[in-house]
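Take 0 as the starting number for the sequence shown in numbering that gives the first Met the number 0 and just add one per residue.
Even glycine gets a Cβ: it sits at the ideal position worked out from N, Cα and C.
What you are looking at is a predicted structure, and each value in this text was computed from that prediction instead of being measured.
Right, one structure below, let's go through it.
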Amino acid sequence: MTTDARPFALILQNDGGFVLADWTLTTTSHALLVREGLHKPGWMRPHRVDPMLTVWSDSDAPWRDVPANHSAHRLLDIPYVFCGPVVLTGPIPDGYAVEADGLTQDQALRLIERHLSGKRVLMRSLHAPAQRTR
């Protein structure tokens with residue numbers, strides 16, 4: 000895995016769209032969503048997916064009837080369902096609950112590839128009716 004001078008964050012939207020954004024240790028997930036035009040009320044809570052990946056989601060979204068983010072659920076393959084746009088970053092340094100390391104370029108590209116290949120699998124699984132012959 001390489002170390003990048005410019006870490007990244009990946010924003011996954013409910014409709015499957017995504018944004019690869021610049022991330023610094025002092026960036027917050029809420030500020031990133033505002034900067035990218037995805038104004039977001041509520042407090043973004045971190046969820047550790049594995050030692051190298053953190054997903055940030057609005058902890059109050061389920062109570063405000065924000066739709067589930069099925070794209071994030073498919074990508075992360077975890078039982079918890081997030082609502083609204085989510086931000087994927089690297090790990091949270093020990094002791095910090097609001098700061099996180101960014102994703103390396105390799106991590107970001109692997110996540111995007113996995114996200115896009117999941118969409119292609121879904122597209123291939125759609126049944127296309129054959130031409131009728133009599």
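DSSP, reduced to helix, strand and coil, places I10 within a strand of the structure shown.
R34: member of the alpha helix (DSSP H) spanning S28 to R34, first to last residue. With 16 or more other Cβ atoms inside 10 Å of its own Cβ, S28 counts as buried. The Cβ-Cβ distance between F17 and H114 falls below 8 Å. By the C-beta criterion, the segment 104-112 is judged not to be in contact with the segment 77-84, since fewer than 3 inter-stretch pairs fall below 8 Å. In the three-state reduction of the DSSP assignment, A99 falls in the coil class. Taking C-alpha positions only, L19 is separated from M43 by approximately 18 Å. Under the three-state reduction of DSSP output, S58 falls in the coil class, being neither helix nor strand. The C-beta separation of W55 from V85 comes to about 6 Å, placing the pair in contact by the 8 Å criterion.
When the beta-carbon positions are compared, A99 and I111 stay at least 8 Å from each other.
Per DSSP, reduced to three states, the secondary structure at L52 is strand. A direct Cα-to-Cα measurement between T53 and R73 gives close to 15 Å. Per DSSP, the unbroken alpha helix (DSSP H) holding L75 starts and ends at H69 to L75.
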